[in-house]
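With our numbering as the guide, the letters of the sequence shown map in order to residues 123 to 456. We put the beta carbon where it would ideally sit given N, CA and C, even for glycine. Have a look at the structure below before the remarks.
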Amino acid sequence: MNILVTGGAGFIGSNFIDLTRQERGDIDITVLDAGNYAADIEGFATRFPEVELIRADLADAEVTDRAVCESDLVVHFAAESHNDNSLHSPWPFVQSNIIGTYNVIEACRRHDVRLHHISSDEVYGDLEIDDPARFTESTAYNPSSPYSATKAGSDMLVRAWVRSFGLRATISNCSNNYGPYQHVEKFIPRQITNVLTGARCKLYGTGLNVRDWIHVDEHNAAVWTIIDKGEIGRTYLIGADGEKNNISVVRTILELMGREPDDFDHVTDRPGHDLRYAVDATALREELGWAPRFADFRTGLADTIEWYRDNRSWWEPQKTAVEATYAAREEVIS
Ligand code: TDX
């Protein structure tokens with residue numbers, strides 16, 4: 123089997139390749155990746171010497187078509203993914219997430235290639251902090267940020283291509299991922315690397331916003347479950363019952379790293395900051411038999427801290443620029 127992984131040099135995509143190589147030795151993998159700031163192109167050949175990397179933007183319809191044409195399955199991870207960036211510069215999100223996905227589904231349609239489209243729980247908007255409800259596959263789309271609006275748009279394109287053209291596709295909407303190789307702009311690696319560089323942790327606003335955390339390996343194992351057993355045309359939610367507010371995540375990081383529990387600052391809140399995400403993954407668990415098998419949150423977090431401690435050369439080159447960008451946008455409020 124030949125699979126094409128779009129965005130395979132990024133955080134979730136590269137961990138997907140790791141898991142696939144460990145558990146499915148008979149699969150040939152090709153990666154199509156634009157190699158933008160969040161991709162690790164330099165480290166790719168060392169990490170995956172036998173994987174072919176095509177460095178091209180999905181906006182390039184011809185290259186995308188050629189790569190898709192030679193595949194039995196496309197797993198589409200490629201996306202601009204950081205909400206804060208989308209609030210300052212939305213265009214790359216429209217280009218990657220909407221136009222890029224359009225080129226992928228058109229190529230899959232032309233060559234009748236099976237597609238799995240990776241998406242986010244953010245397409246559903248947010249929930250009140252004290253609302254017992256969680257997102258399900260039938261929750262109405264209500265995205266808040268330019269990022270989540272473009273992911274919602276990409277999901278709608280895939281759904282329409284399934285219905286109108288018989289595209290053989292499944293979609294998954296996953297909750298917040300953490301684990302090794304996540305870019306330091308994101309919440310958990312930012313806080314860990316702040317501690318490692320002697321800076322204080324930074325919480326947007328009150329810090330009471332809730333995210334539903336899942337280890338990246340759990341996410342990727344669920345993606346394989348959907349590819350193997352999912353029903354064409356269906357959307358599956360992926361989540362591991364990991365709801366935590368941001369303050370409690372920071373306090374756990376500080377505790378695991380031997381720091382004082384209040385070693386953080388409240389900084390300027392994110393405009394339109396979604397209050398709470400929570401995923402009900404009952405369909406995935408009961409219909410497809412998936413269950414988390416790698417790590418509970420505390421263990422997964424401790425392993426992730428260890429990884430960032432041991433891999434300073436991977437993240438240090440990004441850190442200064444990321445913190446300079448944040449410093450220009452945020453002020454300490456308490
Ligand atoms: O320094 C920070 N301080 C802080 O309090 C940062 C970077 C974030 N936050 C807050 C904002 C969110 O409430 O932490 C929470 C998580 O923030 P992000 O890591 O930026 O993730 P989020 O906005 O929740 O979106 C993530 O999960 C869904 C991914 O970035 C998306 O790509 C995915 O679809």
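- Membership of L237 in the beta strand (DSSP E) is indicated by the continuous run R236 to S242.
- E259 sits in coil when the DSSP states are folded into three classes, being neither helix nor strand.
- According to the DSSP assignment, A183 belongs to no beta strand (DSSP E) but to the alpha helix (DSSP H) extending over A183 to C191.
- Just measuring C-alpha positions, the residue of T142, G380, R232 and E377 sitting nearest E192 is R232.
- Boundaries cannot be given for F416, as no beta strand (DSSP E) includes it and DSSP labels it neither H nor E.
- DSSP lists no beta-bridge partner residue for H233.
- Counting only the Cα atoms, E353 lies some 14 Å from R407.
- Judged by DSSP secondary structure, E340 falls within the alpha helix (DSSP H) whose first and last residues are V338 to K351.
- The C-alpha of H337 is placed about 24 Å away from the C-alpha of A291.
- For Y269, the enclosing alpha helix (DSSP H) starts and ends at P268 to F287.
- Assigned with DSSP and collapsed to three states, R398 falls in strand.
- D187 is positioned such that its CB atom lies no closer than 9 Å to that of M123.
- L330 is not bridged by DSSP to any residue.
- Annotation for D140: no beta strand (DSSP E) segment contains it, though the alpha helix (DSSP H) segment containing it runs F133 to E145.
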